[in-house]
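Chemist: Mapping of the sequence shown onto mature numbering (1 follows the signal peptide of the UniProt record, and there is no 0): residues -25 to -1, 1 to 221, in sequence order. All C-beta atoms in this analysis are idealised placements derived from N, C-alpha and C, irrespective of residue type, glycine included. This one's a predicted model, so the numbers in the text were calculated from it and none came from an experiment.
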Amino acid sequence: MKKPRFRRIVLFLALPAVFSLFFTACTDFFSTSLGSWAARDWSGKTIPVNSDNVHDLIAQAENDPDMSLAVLRGIEDAVSKASGKDKTDLQSAALEAATNASGIGNEIIGNVGDILKASDEDDNGKISAIINSTIDSLGNLGETSDILVRILPDPDTDPAGFQAFLDNSAAEDLGMAAVILLAAESKNNGGADEYLENGFDPANPKNDNEKMALALAQGVGDKIGAGTGSDGEKALRDILEELGLL
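1) With G59 and T21 assumed to form a contact (beta carbons below 8 Å), what rounded beta-carbon distance in angstroms separates them?
2) With a cut-off of 8 Å on the beta carbons, I'd call V195 and I126 a contact; round off their distance for me.
3) Determine the DSSP secondary structure at T132, reduced to helix, strand or coil.
4) Using C-beta distances below 7 Å, list every residue in its chain close to G174, excluding the 5 sequence neighbours before and after it, in chain order.
5) So, under 8 Å CB-CB, L44 and A69 are touching, yes? Tell me the CB distance rounded to an integer number of Å.
6) Excluding the 5 residues flanking I199 on each side, which residues of the same chain have their C-beta closer than 6 Å to its C-beta?
7) If distances are taken between C-alpha atoms only, which option among L149, N179, D16 comes closest to L215?
8) Got a sec? Which residues, its chain only, sit under 7 Å from D111 by beta carbon, not counting five neighbours each side?
9) Are there 16 or more other CB atoms within 10 angstroms of the CB of P134, so buried, or fewer, so exposed?
10) Express the C-alpha separation of A167 and L218 in angstroms, rounding to a whole number.
11) So, helix, strand or coil for E208, using DSSP?
12) Classify G78: buried if its beta carbon has 16 or more other beta carbons within 10 angstroms, exposed otherwise.
13) Do D129 and F140 have their beta-carbon atoms positioned less than 8 Å apart in this structure?
14) Could you pull out every residue in the same chain whose Cβ sits closer than 7 Å to the Cβ of K186, ignoring the five residues on either side in sequence?
15) In angstroms with no decimal places, state the Cα-to-Cα distance between N115 and A152.
16) Could you have a look at N163 and say whether DSSP puts it in helix, strand or coil?
17) What residue range is occupied by the uninterrupted alpha helix (DSSP H) comprising D121?
18) Can you tell me whether R15 is helix, strand or coil according to DSSP?
19) By Cβ distance below 7 Å, which residues in the same chain neighbour Q66 in space, the five residues on each side in sequence not counted?
20) In terms of residue numbering, what span does the alpha helix (DSSP H) encompassing residue 232 cover?
21) Would you mind stating whether A188 and L221 have Cβ atoms separated by less than 8 Å?
22) Excluding the 5 residues preceding and the 5 following Y170 in the sequence, name in chain order all residues of the same chain whose CB lies nearer than 7 Å to its CB.
23) Would you call the CB atoms of D64 and N184 closer than 8 Å?
24) Report the three-state DSSP secondary structure of G196 (helix, strand or coil).
25) Just mark K62 as buried or exposed, buried being the case when its beta carbon has 16 or more other beta carbons within 10 Å.
What follows is the structure, encoded as structure tokens:
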């Protein structure tokens, strides 16, 4: 039986999630200093963002998906009013904000042990169930992906703007955003393995999410040539190739 291709994505996503644990103490201290900011209910709210404060706000909201989503909404507002380098910087920053807003890193931390155990046991059914349950639990995923697609330049109608955005963005952020967009699609299309095996055709993208995921993945491919880069970059390219995005 073919192993679900999405399993490798989840294992890859565990790496940045676990890495973020090294900064927990610092983040907790910083969040405590935020006072009322950290304690607020961010449901449906927008945090005012500009090119000067966007990275600080992303860092402050890093471990709070709802606050990160409020920051992402603020980035969308700011992008609509910005131009030139400020606009490009905000669009690049939106990649990290979207990753945090999706909540996928926190969920993976909670499930990585079960995923690794199921992988060792070669239990494809259990792997699929864990992955689909994880994605189903991500309440912000749909809105996050919709906002992200609206924020980013359209590669067809604004190729110069999209290329400037790609040049300004890190490969791992581009790759993670592509994964988030596909995860949102899989949530609405029968689960990760069903969607990737039978619903997603990279040669014929059906909607804006799929088109943007393909464009972001190609941006990764342009940044990381085959067989080049660090081990992490090679792993990222391998995952995108396995998905048929490169």
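Modeler: Based on what the coordinates show:
1) No, G59 and T21 are not in contact; Cβ-Cβ is about 23 Å, not under 8 Å.
2) Not a contact, Cβ separation roughly 18 Å.
3) Residue state, collapsed to three classes: coil.
4) Short of 7 Å from the beta carbon of G174, and not among the five residues preceding or following it, lie these beta carbons of its own chain, in chain order: N164, G165.
5) So it is not a contact: roughly 12 Å between Cβ atoms.
6) Within the same chain, and ignoring the five residues on either side of I199 in sequence, the residues whose Cβ sits closer than 6 Å to its Cβ are A146, E208, R212.
7) Of L149, N179, D16, the residue nearest in Cα terms is L149.
8) Cβ neighbours of D111 within its own chain (closer than 7 Å, five residues either side excluded): K162.
9) By the neighbour-count rule (16 or more Cβ atoms within 10 Å), P134 is not buried but exposed.
10) The straight-line gap from Cα to Cα measures roughly 11 Å.
11) Per DSSP, reduced to three states, the secondary structure at E208 is helical.
12) Answer is buried; the Cβ neighbour count reaches 16.
13) Going by C-beta atoms, F140 is not nearer than 8 Å to D129.
14) Hits under 7 Å: P180.
15) Computed Cα separation, rounded: 14 Å.
16) If DSSP states are grouped into helix, strand and coil, N163 belongs with coil.
17) From DSSP, the alpha helix (DSSP H) with D121 extends over 116 to 126.
18) In the structure shown, R15 falls within a coil segment according to DSSP collapsed to helix, strand and coil.
19) Closer than 7 Å at the Cβ level, and outside the excluded window around Q66, lie V54, I126, L127, P128, F140.
20) Residue 232 is absent from the model: the chain starts at -25 and stops at 221.
21) No, the pair does not count as a contact, with Cβ atoms beyond the cut-off.
22) Around Y170: E160, S161, N164.
23) No, Cβ-Cβ distance for D64 and N184 is not below 8 Å.
24) Helix.
25) Looking at its Cβ environment, which holds 16 or more other Cβ atoms inside 10 Å, K62 is buried.
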